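Participant: First residue of the sequence shown: 143, per the working numbering; consecutive thereafter.
Every residue gets a Cβ at the ideal spot worked out from N, C-alpha and C, and that includes glycine.
Note that this is a predicted model, so its numbers are computed, not measured.
Sending over a structure as structure tokens; questions will come in a sec.
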Amino acid sequence: MPSSYSAKENKALVATCSSCQKSLPTVTMVTLPGRDNGKPQVWAVCIPCANKGWRPPGFNGVYQVRPE
Ligand SMILES: [Zn+2]
């Protein structure tokens, strides 16, 4: 096994969940496309919120439940 496996994690990447307002690493979040005032927009939401059913306004895609 090659030993160059550590550059993958980047803990500096943090975003705020659109549902619970917590700041979380982006690796624990998903982005969901929706609409804001008729314009396409992407919302970042944590996986637990997405799994509980939070969806942005105008969401018309498909969300596949992911392991938390
Ligand atoms: Zn959340």
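What residue range is occupied by the uninterrupted alpha helix (DSSP H) comprising C191?
Facilitator: 189-194 is the extent of the alpha helix (DSSP H) around C191.
Participant: In the DSSP assignment, find the beta strand (DSSP E) that holds R177 and state where it starts and stops.
Facilitator: Per DSSP, R177 belongs to the beta strand (DSSP E) from 171-178.
Participant: Using the Cα positions of A157 and C188, report the straight-line distance between them to the nearest angstrom.
Facilitator: Their backbone Cα atoms lie some 9 Å apart in a straight line.
Participant: Rounded to the nearest angstrom, what separates G176 and G195 at their Cα positions?
Facilitator: Whole-angstrom Cα-Cα distance: 14 Å.
Participant: Could you tell me the alpha carbon to alpha carbon distance between P199 and G180, rounded to whole angstroms?
Facilitator: If you take the alpha carbons of P199 and G180, they lie about 10 Å apart.
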